[in-house]
Each structure stands twice: as C-alpha cells, then as structure tokens.
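K.L.:
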Amino acid sequence: MIIFWSYVAFTQFLIIWMGNLPEDIAWYEIRGRGLWKWVTVFLAASNLFVPFFILLSRAVKDRPRRLQRVAAWLVVCQVVYIYWLVAPSFHGRGHGGAHWLDPGMLAVLGAPFYAWVRNRMGKEARHE
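Under the numbering used here, think of the first position of the sequence shown as 3, with each following residue one higher.
#1: Between the beta-carbon of residue 81 and the beta-carbon of residue 108, is there less than 8 Å?
#2: Can you tell me whether residue 114 is buried or exposed? The criterion is at least 16 other CB atoms within 10 Å of its CB, across all chains shown.
#3: So what's residue 3 in DSSP terms, helix, strand or just coil?
#4: Cβ atoms of residue 18 and residue 27: under 8 Å apart, would you say?
#5: When the Cα of residue 103 is compared with those of 38, 118, 85, 61, which residue comes out closest?
#6: In terms of residues, what are the limits of the alpha helix (DSSP H) holding residue 91?
#7: Tell me the rounded alpha-carbon separation between residue 23 and residue 15.
#8: How far does the alpha helix (DSSP H) with residue 120 in it extend, from its first residue to its last?
#9: Just tell me which of 92, 91, 70 has its CA closest to the CA of residue 120.
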C-alpha cells in the first residue's frame, strides 16, 4: 500500500508536469516554495522510505507493538498529507501558515474517533 500511494502521487505529478498547463502547475508551485517544500520532502520520506525500510525488518513485523507504532506513524503522516493537500490553497497562495484552529479542530474531530477505537480495541477478540 505504501508503494502504491507513492506511485499514484508521483504519477499525478508526472502527468501534470508533462502537460505543463499553467492552471495545473500552480497547485504544485505553491507546495514547492517556502515551508511547504520541506513538508513535501518530509511526506516523501515519511510515507515511503521510512516505513518501507522499517518494514523490511522481520523483528518489526513479528512484534505487534512495534507494528502498531509504525501504523500510528503512518496515520500521523496521513494527517499531515491531507493538511498538505488542503492548507496551502485554503490559506492563499501558500503564504499563509497554519491557523490556530487547525490543530484544535483536529483534536475536536479526532478525539471521539480515537476514543471509539480505543474502546473497540478492548472488546474485540485478539488473535495472537
């Protein structure tokens, strides 16, 4: 799944780059400048390279706790990825930074889901 995500993201970039249409390129221009450029590099590394090489190790895959940490890391990276998709356009031409409500709304919307998942984890049968 990690490699598929990277393949789809790179293919989208390649198609837009080869088309060279100004209305499409503007979306990547915003994310290629300033702080967003480093978020892009972080996402490429954290969503592909880090999990890929960590999951090559048998020691990680054999221990559920370690695998759970990798999964939690990927969830956090997915939240950053979704923010990277939306925030630069929403805050205007990539110049606006994070608004103070952004992490607050993540907490307000994510806390009930997290509580539900933690509640379900205790009730589900474990196959260990």
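Cβ coordinates follow ideal geometry from the N, Cα and C atoms, glycine included.
Since the structure is predicted, the reported quantities are computational estimates derived from the model, not experimental observations.
P.N.:
On the basis of the data shown:
#1: Pairing residue 81 with residue 108 gives a Cβ-Cβ distance under 8 Å.
#2: exposed
#3: The three-state secondary structure of residue 3, taken from DSSP, is coil.
#4: yes
#5: 85
#6: Residue 91 -> alpha helix (DSSP H) spans 66-92.
#7: 12 Å
#8: 103-125
#9: 70
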